[in-house]
Every structure is written in structure tokens, then in C-alpha cells.
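Student: Starting off with a structure, shown below.
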Amino acid sequence: MSEVRKISAPLNDGDIESLKAGDEVYISGVIYTGRDAAHKRLIQLLEKGEKLPFDIKGQMIYYVGPCPEKPGQIIGSAGPTTSGRMDAYTPRLLELGLKGMIGKGLRDNNVKKAMINHKAVYFGAIGGAAALIAASIKSQEIIAFEDLGTEAIRRLEVEDFPVVVVIDSEGNDLYEKGIMEFSQE
Amino acid sequence: MRSIHVNQIIEVVSKLCVDANYFLNQDIRIKLEEACKKEKSPLGKEVLNKLLVNADIAAEKEMAICQDTGMAVFFIELGQDVHLEGGSLNEAINEGVRRGYDKGFLRKSVVEDPIFRKNTNDNTPAIIHYDIVEGDRLKIDFAPKGFGSENMSALKMLKPSDGIEGIKGFIIDTVRKAGANPCPPIVVGVGIGGTMEKAAIMAKKALLRPLGIHNTIKYVEELEKEMLLMINKIGIGPAGFGGSSTALGINIETYPTHIAGMPVAININCHATRHASFEL
Ligand code: SF4
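Top line first, the protein sequences correspond to chains A and B.
The number in this note's numbering is simply the position in the first sequence, starting from 1, with 205 added.
The number in this note's numbering is simply the position in the second sequence, starting from 1, with 60 added.
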């Protein structure tokens, strides 16, 4: 296994190109959260020709709906949610310059194609490791759709957030590679 | 006739909500540790390790194992000689959920309508299954259910001629399709027989049975063992990154059914198979 590589968010073009499916990575920097309801609203804004609540160009979205934070806590448990539910909205966001996504689970072919076209990376965080992941989040601020509660868009500062590259900018998919390598059927 | 005041039930339910979400059950921990030793993929091993560390952090800091603290599912066994006083049992359970999810800083994940999807903000209503039993006890089993795994569940009305091979094929197909989505290593609950809804409820209830304890019917026990081996040969592995630990366990329940049918329900659960119970 290769050593864990450290990268910063937002991603730079060099990192995007050199990250390969299966690479373990620690991310530090700024990322945004968004899941089902927030994605729906982002697309509705675009359809109305309105501006998004943050400039998505070059940014990274983490699919998460965290638990509420206890007094004194930065954020509650905050593991990834299933990315496939965002597939319907993702190609449009990639067109606008979204460069990275963090979640868990399979993506469809439209997302993969758009990722290759627009050079983006899909990272898998460990589903269920929500308390461990929360420890790598250093600040959170709600920047849009506050009424959505856990589904609001947050700006997070993260330090050594542990992820694995699942789909790289060339469309290689660790979920497919992994199964092929370890299948004993 | 024994009397139980609903206030007692509210207290118990509220505590169960918090405990189940903070503390990983021992049977799951043991299976995770075993899987970690056996896992063939180095990356998979590391994922399993992180899941164990995650459980430690959650317990120590008293926070949720997983942010999806689920829809609140209950199995209630109510003795027919129990008299409940002070209000409705349903409302007491929901009030317990409301308090537990608030006090435990657990995520509220329920929307009031499947189409309009406005959050109820207190994680109610709960899903409650009642069983009236003999005696004068009240047993409350709480099993919060995350939807990353719930969404990968399936039900099929097989034909009697499909036989046990048909059941095996359906289980393997369902797990394969689920892939990385339900946060493997998973736990699989299966209900075979009964009617459509009976099969589904059995599949969910099967998840309450501690891992390592098999069905007492011999052929079902063998099926559980065989299916676990087969599932772990698929190669999905921890977090779906590839590996030999795709499932920690599979529990199967059966029930008499109709001459014309063989319903099979498969409820997929994640490593965060949470469960807490209390008897009043
Ligand atoms: S499937 Fe389980 S571990 Fe994964 S996010 Fe949902 S509740 Fe958490």
C-alpha cells in the first residue's frame, strides 16, 4: 500500500491529474457540504438563472448531513452519505467547475463522463466512521439554506480528513477494480 | 393486572435512543475485530481498523457512531396482563424519541411527507411494531435504521419452484447491487415465507438477533453459514474498496406461507447495526 498523501482543498490541477483510484489521501483546507435537499435547491436556482450561494468553481463538496454539535463541540458526527442520490444533479455542477466530491457509494455513468470531461475527482470517505471524521473538522459555518437544518450548506475547514480516491479524473473506478481484485467467485 | 405508567416508558425509550446510537454493541465489535484479522486487502484492514477506532471515539466522547442516527424502529412485546396508565403507548414512545434525539444531539432525519419532504425536526414519528404476548412484562427493542443501507433492501415474491437456490441467488444479487452504498461490512436480515409484509418485518427483526447466534432450525442455520461465506467471496470488501469482509453476519427467519408463494425480504444493514433493549 502506498503512503498516505496529503493534499489541500480546494484542489489544484496538478493534484487532480496525479490522483489515481485507490490512493489514500488526507485532505486539509476548505470544503463545502451539501446533500439531497441542498442539491435540489442549487439546481432550482440555476434553472431560474440565479446565482449560487457560493462560487462553486474549483471547489469540493462533501455529501454529509451532520449530527447537531453538543455545547463546546465543533460539529457532531459527520460521516458521508450515499452519493448516488446526487447523481441527477452532479453533471450540471461539474460543468460549472466543481472539482471534487466526497461521499460513499456508486456513481452513474453520466457522472463519470462529466468527471472525465471536466477533470474532477470523487473521493470515498469511510461510511459509518462519523465520529472519527468529525475529529478532522476544525470549523463549520452555515452559508446557505439554514432552514434545511442538517441539510444546510456548510463551509468546513478540515485537517487531515481521511479519504480514498474512488473515481479519478480519467474515470478509473476503485469499486470496480477492488471487486475484480478480491472476488473469489 | 400489572400497571405501568407511560412516564416510565418515555424515560426508558429516551435512554435507549441515546445508548443505541453512542455505543457499538459487543457482538458487532467482536465480528469487526475478527474481520480485521482475516481481511486480505491492506486498505480493507485499515478501513476496519478505523471503524473500531470510530466506535471508541464515539463511546468516549458520547457522540453518535454514525451521523445517520436513523429512523426510530421499535419492536414492542406487550404482555396481555399489563395495564398502561397515564396516556397512550404510541405517544409515550414518540415522546421518548423526541427527548432522546434532542438530549443526545442525534440527527433528526424524518420528513413528514414522502413527496413534500419537510423535516419534522424531532425524528418522529417512530416505526412501531407491536406484539401482544402472554404475561405481564413490557419489552422494548430499539433499532435505529440508517437509510444508506435501508435503500439497498429488496423484496421479491419468489415462486415455490425457485426453491432454496432461488433464495440464495436473490440474496447474492441484492448484496452485489448494494455494492459500496450500505457502508460494508454489512449485516443482512432475511425473512422467508409468510405474506409480503410478514417477510419484510421478519427481515427487519432478524437484525435484532446478536451476530454469532444462529437460527435454531438446522437447515436455516446452515443457510446462514453458507450465505455468509458466499457473500464474502463477492469481493466488495470494507467500504466497498475491495476485500474479503463484505458482511459480518446474516440472520434468517422463516414462517409458514401459502401453497402458491415464497415471499423473500432482504433488509440490508451496515456495520452500525444498532440495537438496545429494555424490559419493564
Ligand atoms: S448505512 Fe449505516 S453506517 Fe452507513 S451512513 Fe447509513 S447508518 Fe451510517
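Note that the Cβ used here is the ideal one computed from N, Cα and C, for glycine as well.
Note that the structure is predicted; figures quoted are calculated from it, not measured.
Tell me whether B:Ser-209, by its Cβ, gets closer than 6 Å to a heavy atom of ligand 1.
Tutor: Because some heavy atom of ligand 1 lies under 6 Å away, the Cβ of B:Ser-209 counts as near it: yes.
Student: Measuring only from the beta carbon, is B:Ala-332 closer than 6 Å to any heavy atom that is part of ligand 1?
Tutor: Yes, ligand 1 has a heavy atom inside 6 Å of this Cβ.
Student: With a threshold of 7 Å between beta carbons, is B:Lys-75 in contact with chain A?
Tutor: No, B:Lys-75 lies away from the interface with chain A (no Cβ there is under 7 Å from its Cβ).
Student: Tell me, please, whether the CB atom of B:Ala-299 is closer than 7 Å to any CB atom in chain A?
Tutor: True, the Cβ-Cβ gap to chain A drops below 7 Å.
Student: Quick check on DSSP: helix, strand or coil for A:Met-206?
Tutor: Confidence at A:Met-206 is low in this model, with a pLDDT of 47, below 50, so its placement is unreliable and no value can be given for it.
Student: Give me, in chain order, the residues of the same chain whose beta-carbon lies closer than 6 Å to that of B:Asp-201; leave out the 5 immediate sequence neighbours on both sides.
Tutor: Excluding sequence neighbours, B:Asp-201 sits near Phe-135, Leu-268 and Ser-337.
Student: Quick check: the Cα distance between B:Met-123 and B:Gly-164, rounded to an integer number of angstroms?
Tutor: One C-alpha to the other measures close to 8 Å.
Student: In whole angstroms, what is the alpha-carbon distance linking A:Gln-249 and A:Arg-360?
Tutor: Looking at the two C-alpha atoms, the distance is approximately 21 Å.
Student: Note down, in chain order, all residues in the stretch 308 to 340 of chain B with a beta-carbon under 9 Å from any beta-carbon belonging to chain A.
Tutor: Hits within the stretch, in order: Cys-330, His-331 and Ala-332.
Student: Distance cutoff 7 Å, beta carbons only. Does A:Pro-296 sit that close to anything in chain B?
Tutor: Not closer than 7 Å to any Cβ of chain B, the Cβ of A:Pro-296 fails to qualify, so no.
Student: Within this structure, are the beta carbons of A:Glu-356 and A:Gly-270 separated by less than 7 Å?
Tutor: Going by C-beta atoms, A:Glu-356 is nearer than 7 Å to A:Gly-270.
Student: Helix or strand or just coil, what does DSSP make of A:Ala-242?
Tutor: In the structure shown, A:Ala-242 sits in a helix (DSSP, three-state: H, G or I).
Student: Considering Cα atoms alone, identify which of A:Asp-218, A:Ile-221 and A:Asp-260 is closest to A:Ile-358.
Tutor: Per the Cα distances, A:Asp-260.
Student: With DSSP as the reference, identify every bridge partner of B:Ile-49, one or two as the case may be.
Tutor: The structure shown has nothing for residue 49 of chain B, since chain B only spans 61 to 340.
Student: Interface residues of chain B around A:Lys-309 at Cβ under 8 Å?
Tutor: Simply Gly-208, Ala-240, Asn-241, Cys-243, Ala-299 and Gly-300.
Student: Just the C-alpha distance for B:Lys-219 and A:Tyr-237, rounded to the nearest angstrom, thanks.
Tutor: If you take the alpha carbons of B:Lys-219 and A:Tyr-237, they lie about 49 Å apart.
Student: Within the 7 Å Cβ cut-off, does B:Ile-117 reach chain A?
Tutor: By this cut-off, B:Ile-117 is an interface position.
Student: What I want to know is whether the C-beta of B:Lys-116 ends up closer than 6 Å to one or more non-hydrogen atoms of ligand 1.
Tutor: Note on identity: in this sequence residue 116 of chain B is Asp, with Lys being the wrong assignment. For ligand 1, not one heavy atom lies less than 6 Å from the Cβ of B:Asp-116.
Student: Here's the rule: buried if 16 or more other CB atoms are within 10 angstroms of the residue's CB, otherwise exposed. What is B:Ile-88?
Tutor: Classification for B:Ile-88: buried.
Student: If contact is defined by three or more beta carbon pairs under 8 Å, each pair taking one atom from either stretch, is the stretch 371 to 389 of chain A in contact with the stretch 139 to 155 of chain B?
Tutor: The answer is no - the stretch 371 to 389 of chain A does not touch the stretch 139 to 155 of chain B, with fewer than three Cβ pairs under 8 Å.
Student: For A:Pro-215, is the beta carbon positioned less than 6 Å from some heavy atom of ligand 1?
Tutor: No, the beta carbon of A:Pro-215 sits no closer than 6 Å to any heavy atom of ligand 1.
Student: On a Cα-Cα basis, can you pick out the residue from B:Arg-236, B:Pro-245 and B:Gly-249 that is closest to A:Glu-390?
Tutor: Answer by Cα proximity: B:Arg-236.
Student: Could you work out which residue in B:Leu-138, B:Cys-96, B:Lys-121 and B:Asp-222 is closest to A:Glu-274 when comparing CA atoms only?
Tutor: Measuring from the Cα of A:Glu-274, the nearest candidate turns out to be B:Lys-121.
Student: Does B:Val-280 come within less than 7 Å of chain A when only Cβ atoms are used?
Tutor: It does not: the Cβ of B:Val-280 has no partner Cβ on chain A nearer than 7 Å.
Student: CA-CA distance, A:Ile-279 and A:Ala-334?
Tutor: Rounded to whole angstroms, A:Ile-279 to A:Ala-334 spans 17 Å at the Cα level.
Student: Chain B beta carbons: is any one of them nearer than 7 Å to that of A:Met-206?
Tutor: Because A:Met-206 sits at a pLDDT of 47, beneath the cut-off of 50, its placement in the model cannot be relied upon, and the following sentence gives the value as read from the coordinates. Yes, contact with chain B.
Student: Is DSSP giving A:Arg-359 helix, strand or coil here?
Tutor: In the structure shown, A:Arg-359 sits in a strand (DSSP, three-state: E or B).
Student: For B:Leu-111, which residues in the same chain have their Cβ closer than 7 Å to its Cβ, ignoring the five residues on either side in sequence?
Tutor: Same-chain partners within the cutoff: Leu-92 and His-331.
Student: Does the pairing of the stretch 61 to 73 of chain B with the stretch 102 to 110 of chain B give three or more beta-carbon distances under 8 Å?
Tutor: No, they do not touch.
Student: In three-state DSSP terms, what is A:Phe-387?
Tutor: Helix at A:Phe-387.
Student: For a minimum of 3 consecutive residues, which ranges assigned as the beta strand (DSSP E) are wholly contained in the stretch 139 to 201 of chain B?
Tutor: As far as the stretch 139 to 201 of chain B is concerned, its whole beta strand (DSSP E) runs of at least 3 residues are 142 to 145 and 187 to 193.
Student: Considering only residues of the same chain and omitting the five flanking positions on each side of A:Asn-315, which have a CB-CB separation below 6 Å?
Tutor: Closer than 6 Å at the Cβ level, and outside the excluded window around A:Asn-315, lie Pro-296.
Student: Please report the distance separating the alpha-carbon of A:Met-391 from that of A:Gly-376.
Tutor: Since the first residue shown for chain A is 206 and the last is 390, residue 391 of chain A is missing from the structure and cannot be characterised.
Student: Listing by chain order, which chain D residues have their CB less than 9 Å from the CB of B:Thr-129?
Tutor: Going by chain labels, chain D is absent from the structure shown, which instead holds the protein chains A and B.
Student: Is B:Tyr-82 helix, strand or coil by DSSP?
Tutor: DSSP places B:Tyr-82 in helix when its eight states are reduced to three.
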